[in-house]
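Q: One structure coming up, written as structure tokens, with questions to follow.
Residue numbers (the numbering used here): 11 to 379.
The following block contains the structure:
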């Protein structure tokens, strides 16, 4: 857990100490509530672990107890135990999303990736949720890559329908994080034979190569190294008018245009986590022009994107790098839509909105963010 999340949880819990809801019916829920309050409000790890363990004895797959045991053990630097609890979460439960993200922050012991891969391999065939299946395949591909199982990793990565036919132009300025709101030349003249004036030298559109093994664009192929703005553009060919979703992973701010029209803007800088942003795309029949503006603090980051249908299952559409292809200029607006958050974030955001006195919902929402 990073410091920002920790501070957010402390603030939430301080406000909820006297506003916790009535304990839900059932012995499992009572044990969990007692353990959660003991640890969150009194830092009593011993009582919390005892309560969560008793809850699991009554219900072996009580997801909140598994997650909280992971959090307690992680704070105690008992990461192997924490990982074991998280692996029991992985499956069809919505908080599989959290478990996959949280695994990345735990210390990996020798053989740990092998254990994680085996658990995902067992769970995947039964997963019927498109987003969770995407998360699990992405995690499994990363592990295969690290294990040298390159062919299997590439097959999984390709099955996610990553967008890879990008042209890139940059870098442009992003001093004091001003790049997002500065309309640089590629927005006004996305197709031109003349170079653009970059921060360090003149730049033109060129293939965004080499890509990372996942298909992500690595911003280290452009300069400057710090406070940078870059543009990406690609073309997607749809056989008919189609509703799709663009899923993106990026640590900085960004804007997205489709056929010159604003799709989404994110102005926050945060940790890069897989598929944190979702943007609906109304693709027209024929060629669709997709433009992305990326603003980062450092160029040592990457932009990963995949295309799915509205149920979050991969959508394989022909695409190409639109060199010399007519490309509409990017329209301006004073009311940019925000990207949709991930399903897990939305689930806990809605739960907390329904009941602001729900301390656990507040904590889980802070963890997802």
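Cβ atoms here follow ideal geometry from the backbone N, Cα and C, with glycine treated the same way.
Which residues in the same chain have their Cβ closer than 6 Å to the Cβ of residue 117, if we skip the five residues on either side of it in sequence?
A: What you label residue 117 is simply residue 107 of the chain shown in a count that begins at 1. So the qualifying residues of the chain are 89.
Q: Shortest alpha-carbon distance to residue 378 belongs to which of 352, 365, 367?
A: Indexing the chain shown from 1 puts residue 378 at position 368. Answer by Cα proximity: 352.
Q: Could you name the residues of the same chain whose beta carbon sits closer than 6 Å to that of residue 237, not counting the 5 residues immediately before and after it, in chain order?
A: Taking the chain shown and counting its residues from 1, one reaches residue 237 at position 227. Taken in chain order, the residues that qualify are 184, 185.
Q: Where does the unbroken beta strand (DSSP E) through residue 296 begin, and where does it stop?
A: By one-based count along the chain shown, residue 296 stands at place 286. Where residue 296 is concerned, the enclosing beta strand (DSSP E) stretches over 296-308.
Q: Is the beta carbon of residue 170 sitting closer than 8 Å to the one on residue 256?
A: The residue you call residue 170 lines up with position 160 of the chain shown. The residue you call residue 256 lines up with position 246 of the chain shown. Cβ atoms of residue 170 and residue 256: not closer than 8 Å.
Q: Can you tell me whether residue 380 is buried or exposed? The criterion is at least 16 other CB atoms within 10 Å of its CB, across all chains shown.
A: Outside the modelled stretch of the chain, which goes from 11 to 379, sits residue 380, for which no answer is possible.
Q: Need the endpoints of the beta strand (DSSP E) that residue 287 sits in, please.
A: Within the chain shown, numbered from 1, the residue matching residue 287 stands at position 277. Start and end: 287-293.
Q: Report the three-state DSSP secondary structure of residue 337 (helix, strand or coil).
A: By 1-based counting over the chain shown, the position of residue 337 is 327. Looking at residue 337 - three-state DSSP - the assignment turns out to be coil, as it is neither helix nor strand.
Q: Does the count of Cβ pairs from the segment 197-205 and the segment 129-136 closer than 8 Å reach three?
A: In short, these stretches do not touch, since the Cβ pair count stays below three.
Q: Let me know the secondary structure DSSP gives residue 191 once reduced to three states.
A: Translated into the one-based positions of the chain shown, residue 191 becomes position 181. It is helical.
Q: Over what stretch of residues does the beta strand (DSSP E) that includes residue 158 continue unbroken?
A: What you label residue 158 is simply residue 148 of the chain shown in a count that begins at 1. Neither: residue 158 is in no beta strand (DSSP E) and is coded neither H nor E.
Q: For the beta strand (DSSP E) that residue 215 lies in, which residues bound it at each end?
A: In the chain shown, counting from the first residue as 1, residue 215 sits at position 205. Neither: residue 215 is in no beta strand (DSSP E) and is coded neither H nor E.
Q: Using the C-alpha atoms, what's the distance from residue 72 back to residue 106?
A: As a first step, residue 106 must be located in the chain shown, where it is residue number 96. As a first step, residue 72 must be located in the chain shown, where it is residue number 62. So the alpha carbons of these two residues sit roughly 13 Å apart.
Q: Alpha carbon to alpha carbon, what distance is there between residue 311 and residue 231?
A: The residue you call residue 231 lines up with position 221 of the chain shown. The residue you call residue 311 lines up with position 301 of the chain shown. Spanning the two alpha carbons is a distance of roughly 10 Å.
Q: Kindly confirm or deny that the segment 56-74 and the segment 322-339 touch, where touching means at least three C-beta pairs closer than 8 Å.
A: In short, these stretches do not touch, since the Cβ pair count stays below three.
Q: Please report how far the alpha carbon of residue 100 lies from the alpha carbon of residue 108, in whole angstroms.
A: The residue you call residue 100 lines up with position 90 of the chain shown. The residue you call residue 108 lines up with position 98 of the chain shown. Residue 100 and residue 108: Cα-Cα distance of roughly 9 Å.
Q: Where does residue 245 fall in DSSP's three states?
A: Here the question's residue 245 lines up with position 235 in the chain shown. Three-state result, residue 245: strand.
Q: Please confirm whether residue 262 and residue 304 have their CB atoms less than 8 Å apart.
A: What you label residue 262 is simply residue 252 of the chain shown in a count that begins at 1. What you label residue 304 is simply residue 294 of the chain shown in a count that begins at 1. Cβ distance < 8 Å, so residue 262 and residue 304 count as in contact.
Q: Measuring alpha carbon to alpha carbon, tell me which of 376, 215, 315 ends up nearest residue 168.
A: Stepping through the chain shown from its first residue, residue 168 is reached at position 158. Nearest option by C-alpha distance: 315.
Q: Counting along the chain, where does the beta strand (DSSP E) carrying residue 100 start and finish?
A: Looking up residue 100 in the chain shown gives position 90. Unbroken run through residue 100: none, as it is neither H nor E.
Q: Under 8 Å, do residue 357 and residue 104 count as touching if we go by C-beta distance?
A: For this step, residue 357 is matched to residue 347 along the chain shown. For this step, residue 104 is matched to residue 94 along the chain shown. Taking 8 Å as the Cβ cut-off, residue 357 and residue 104 qualify as a contacting pair.
Q: Give the straight-line distance between the Cα atoms of residue 41 and residue 323, rounded to the nearest whole angstrom.
A: In the chain shown, residue 41 corresponds to position 31, counting from 1. In the chain shown, residue 323 corresponds to position 313, counting from 1. So the two alpha carbons sit approximately 38 Å from each other.
Q: Identify whether residue 271 lies in helix, strand or coil by the three-state DSSP scheme.
A: Start at 1 with the first residue of the chain shown, and residue 271 comes out as number 261. Correct three-state label for residue 271: strand.
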